[in-house]
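Beneath this line is the structure, given in structure tokens, with notes to follow.
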Amino acid sequence: MELNLNVLRLASGLAAHATARQTVISQNIANADTPGYHARDITDFASAVDGAGMAFSARVTRPGHIPFGPGATGHDIRETSALGTETPNGNTVALEDQVMRAAQVKQSHDMALGVYQKSMDILRMSLGRR
Amino acid sequence: MNEMMKTMESAASGMRAQGARMRLSSENIANVDTPGYRRKTVTFEETFNSTRDARAVKTGSVNLDLSELPRVYEPSNPMAGADGYYLGSNVDLMIEIADAREANRSYEANLKMFDQARQMASSLLNLLRR
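Shown next, in the form of structure tokens:
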């Protein structure tokens, strides 16, 4: 019997992406008043899915090697600064913008966990359990 | 889960920094009528904790505002010199209150991030519960 668990893999990938993005956003908010700090964000999940395997990644010859580079996690961090958000001290974090992004993160994380849970429910049901 | 802890660490460092800023602001406000008092300011710096791979914020050194102290004419004051003037404090209540308000706002944003990371972690753990 072959299980097609792509849905589960996709859902856990989306959850991991949301978690990584949440970390970056919380760093931005912690540094909301740090002079010279530039707001950052990670590339969106769609490009991480499309670019999986295509992106640069270090060659691994042994299973113990630790992957690095943008391809290692499927997303990379880049600076995002909307026009006109820079304050006189060089900081480009707009709190409203960051809170908005955090709400998106929460939504996609909830969606990922919901899809995961439902898929598991379907698997369980097909096994005859409730 | 480690990513979630990093998120919470960043948010907690933000709260700590904003709390220190708020404390200095209240010290300044308390000393608004102290003769010869110079207002204290603190800088924010981005830090990188390499052992835990977490970016956070920390407060730098506390500096004194070296702008000129205002001369107050009050001959009956024990601090007054022969010409009847004494040096007041260079605290401006308007600036301090605006600063405290901004610190409050940033603190709340950090708290919201912390809470969101906590919710995401607990909903992730809920998946294990069935």
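Heads up: the protein sequence lines correspond to chains P and Y, in order. Quick note on numbering: the working numbering labels position 2 of the first sequence as 62, and the sequence is numbered without any gaps. Quick note on numbering: the working numbering labels position 62 of the second sequence as 360, and the sequence is numbered without any gaps. Where a beta carbon is used, it is the ideal one built from N, C-alpha and C, also for glycine.
Q. Which two residues bound the contiguous alpha helix (DSSP H) that contains Leu409 of chain Y?
A. Leu391 to Asn424
Q: Measure from the C-beta of Val159 of chain P to each C-beta in chain Y and report whether the shortest distance is under 9 Å.
A: yes
Q.
What residue range does the beta strand (DSSP E) around Ala352 of chain Y cover?
A. Ala352 to Leu362
Q) Taking just the CA atoms, how far does Ser323 of chain Y sit from Val175 of chain P? A) 48 Å
Q: Determine the direct distance from the alpha carbon of Leu173 of chain P to that of Leu187 of chain P, and round the result to whole angstroms.
A: 21 Å
Q. Straight-line CA distance for Leu82 of chain P to Met411 of chain Y?
A. In the sequence on display, residue 82 of chain P carries Gln and not Leu. Looking at the two C-alpha atoms, the distance is approximately 8 Å.
Q. Under the rule that 16 or more other beta-carbon atoms within 10 Å means buried, what is Asp381 of chain Y, buried or exposed?
A. exposed
(Q) Is it buried or exposed, Val389 of chain Y, if we count other Cβ atoms within 10 angstroms and call 16 or more buried? (A) buried
Q. Does DSSP put Asn66 of chain P in a helix, a strand or coil?
A. helix
Q: Output the distance between the C-alpha atoms of Ala352 of chain Y and Glu372 of chain Y, rounded to the nearest integer angstrom.
A: 54 Å
Q. Since Gln82 of chain P meets chain Y, which of its residues come closer than 9 Å, beta carbon to beta carbon?
A. Glu301, Met302, Thr305, Met411, Gln414, Ala415 and Met418
Q: Kindly indicate if chain P contains any beta-carbon less than 9 Å away from that of Val355 of chain Y.
A: yes
Q) Less than 9 Å separating the beta-carbons of His98 of chain P and Thr147 of chain P? A) no
(Q) When you compare the CB positions of His169 of chain P and Ala78 of chain P, do they come within less than 9 Å of one another, or not? (A) yes
Q) At a Cβ threshold of 9 Å, is Ala108 of chain P touching chain Y? A) no
Q) Arg184 of chain P: buried (16+ other C-beta within 10 angstroms of its C-beta) or exposed? A) exposed
(Q) Which of the three DSSP states is assigned to Asp157 of chain P in this structure? (A) helix
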